[in-house]
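In our numbering, the protein residues as written are 20 to 421.
Where a beta carbon is used, it is the ideal one built from N, C-alpha and C, also for glycine.
A quick note: this is a predicted structure, and the numbers were derived from the prediction, not measured.
The structure under discussion appears below in the form of structure tokens.
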């Protein structure tokens, strides 16, 4: 491995670009075993050792160390000459002779899988027939022979509707792109797992990756199951503001109905969107909120309103009042026409709405929202009370908006 890690500049462009980030031959779960003295034989492991015929060297030492345990196994991955240990154990003898002459029982499993780089059509087709892979890539062969092999493999499976195999024979340096879709499973732990989930239920938490495992945790459980800790960032922003506070409240109510004036505070204080606190100070307003993506978005919206009111309060107020009054009048006319009919409602002068029912007429002043009879001597007060109640209820309903 040291050779590969050192001479990366002699390799292709992809490897040379990757070395700028990290060495592609420094593996996380693969290490170079120089000798048995450097091997810590604790727990399961997979060792690729040479020589393949196990006559001597590291492969022979590992085999003699592991052959007596039935939990172990050896895979012969290449051609074996007669008279070698690798060829001998393929016949599954009951015991073997070590290099020192000692007899040891052979209890480990022995398998032979040929990884020889050169195969003929029969070997290749049998291997593909057993695996049925979606893609076959032919490499390290003469161009014409590889083309013949590709054509033969395509002919073998072209009439098979159950097996779909795509055969590639790329030239040198030609890339083959394959798409793999892996599944990642995450285990819900901690307080999120207290209640049994149902199909289709959404689970919200923090995804934690540890080694190759994924866990979904409640933020409050981070310190219990990991070495991480959850911190809270409180944001405070001061915005210059010298305009009327009442006008600012009016604009904020136009932004959202979720505006609450807090009592028991020394300074004028609003709670907006339940999470944004606005405090009026001398010559400015303070915004306070706990930082998260949603609250940051709310704070940006409130900041925009404050800056707009500060930049042109008089024009803004005039536009706001006219707009809100027009909206109120339109809604009020619609309510009265639904209650008494189209012909009973009159709005001609733009200041007073008149409603006539059974010869009795009431006038509604839009400026003061007062209701009175046209004939002050009318004794039956039911119409006036009905209209007055509708006027007030509509105003209360629209008040969070206006």
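Run the CB neighbour count on residue i, radius 10 Å, all protein chains shown included, and call it buried at 16 or more, exposed below.
i           : result
residue 156 : exposed
residue 240 : buried
residue 378 : exposed
residue 176 : buried
residue 170 : exposed
residue 78  : buried
residue 401 : exposed
residue 355 : buried
residue 72  : buried
residue 36  : exposed
residue 390 : buried
residue 57  : exposed
residue 188 : buried
residue 22  : exposed
residue 61  : exposed
residue 98  : exposed
residue 237 : buried
residue 33  : exposed
residue 372 : buried
residue 234 : buried
residue 132 : exposed
residue 26  : exposed
residue 86  : buried
residue 46  : exposed
residue 82  : buried
residue 95  : buried
residue 108 : buried
residue 76  : exposed
Could you give the residue range of the beta strand (DSSP E) that holds residue i?
i           : result
residue 291 : 288 to 291
residue 187 : 185 to 187
residue 154 : 154 to 156
residue 225 : 225 to 229
residue 182 : Segment: none, residue 182 is in no beta strand (DSSP E) and carries neither H nor E.
residue 13  : The displayed coordinates of the chain run from 20 to 421. Any statement about residue 13 would go beyond what the structure contains.
Between which two residues does the alpha helix (DSSP H) harbouring residue i extend?
i           : result
residue 330 : 312 to 330
residue 26  : Here residue 26 belongs to no alpha helix (DSSP H), and DSSP marks it neither H nor E.
residue 147 : 140 to 150
residue 269 : 264 to 274
residue 61  : Looking at the DSSP string, residue 61 is not in any alpha helix (DSSP H), and its letter there is neither H nor E.
residue 487 : Any property of residue 487 remains undetermined from this structure, which presents the chain solely from 20 to 421.
residue 220 : Run containing residue 220: none; DSSP gives neither H nor E here.
residue 167 : 162 to 176
residue 69  : Run containing residue 69: none; DSSP gives neither H nor E here.
residue 415 : 401 to 417
residue 242 : 241 to 244
Based on the DSSP output, what are the partners of residue i in its beta bridges?
i           : result
residue 303 : 259 and 300
residue 206 : 234
residue 36  : Its beta-bridge partners do not exist; DSSP assigns none.
residue 373 : 365 and 382
residue 130 : 94
residue 391 : 382
residue 74  : Beta-bridge pairing links residue 74 to no other residue.
residue 308 : 254
residue 295 : 291
Taking 8 angstroms as the line, does the beta carbon of residue i fall inside it for any heavy atom of the ligand FMN?
i           : result
residue 330 : Absence of the ligand FMN from the depicted structure is noted, as is the absence of any ligand whatsoever, leaving it without description.
Using a C-beta cutoff of 9 angstroms, does residue i count as contacting chain B?
i           : result
residue 155 : Annotation note: the requested chain B is absent from the structure, which comprises a single protein chain.
Touch check for the stretch 166 to 186 and the stretch 200 to 219: three-plus C-beta pairs under 8 angstroms? Contact fails: fewer than three Cβ-Cβ distances are below 8 angstroms.
So within the stretch 95 to 127, which uninterrupted alpha helix (DSSP H) runs reach at least 4 residues, ignoring any that extend past its ends? You should have 104 to 108.
Quick check: the stretch 137 to 153 against the stretch 100 to 109, are at least 3 beta-carbon pairs closer than 8 angstroms? When C-beta atoms of the stretch 100 to 109 are compared with those of the stretch 137 to 153, fewer than three pairs fall below 8 angstroms, so the two segments do not count as touching.
Should the stretch 365 to 373 be called in touch with the stretch 289 to 299, which here means at least 3 C-beta pairs below 8 angstroms? With contact defined as three or more Cβ pairs closer than 8 angstroms, the stretch 365 to 373 and the stretch 289 to 299 are not in contact.
When you compare the stretch 261 to 281 with the stretch 233 to 247, are there three or more beta-carbon pairs, one atom per stretch, that lie closer than 8 angstroms? The stretch 261 to 281 is not in contact with the stretch 233 to 247.
Between the stretch 278 to 291 and the stretch 219 to 228, can you find at least three pairs of beta-carbon atoms closer than 8 angstroms? Output reads no: the stretch 278 to 291 does not touch the stretch 219 to 228.
Decide if the stretch 143 to 151 is in contact with the stretch 107 to 121; the criterion is three or more beta carbon pairs, one per stretch, under 8 angstroms apart. Counting Cβ pairs under 8 angstroms, fewer than three are found: no touch.
When you compare the stretch 50 to 60 with the stretch 89 to 100, are there three or more beta-carbon pairs, one atom per stretch, that lie closer than 8 angstroms? Look at the beta carbons and you see the stretch 50 to 60 not touching the stretch 89 to 100: under three pairs across the two are nearer than 8 angstroms.
Could you check whether the stretch 245 to 263 touches the stretch 305 to 312, counting it as contact only if at least three pairs of C-beta atoms, one from each stretch, sit closer than 8 angstroms? Yes: the two stretches touch, three or more of their Cβ pairs being nearer than 8 angstroms.
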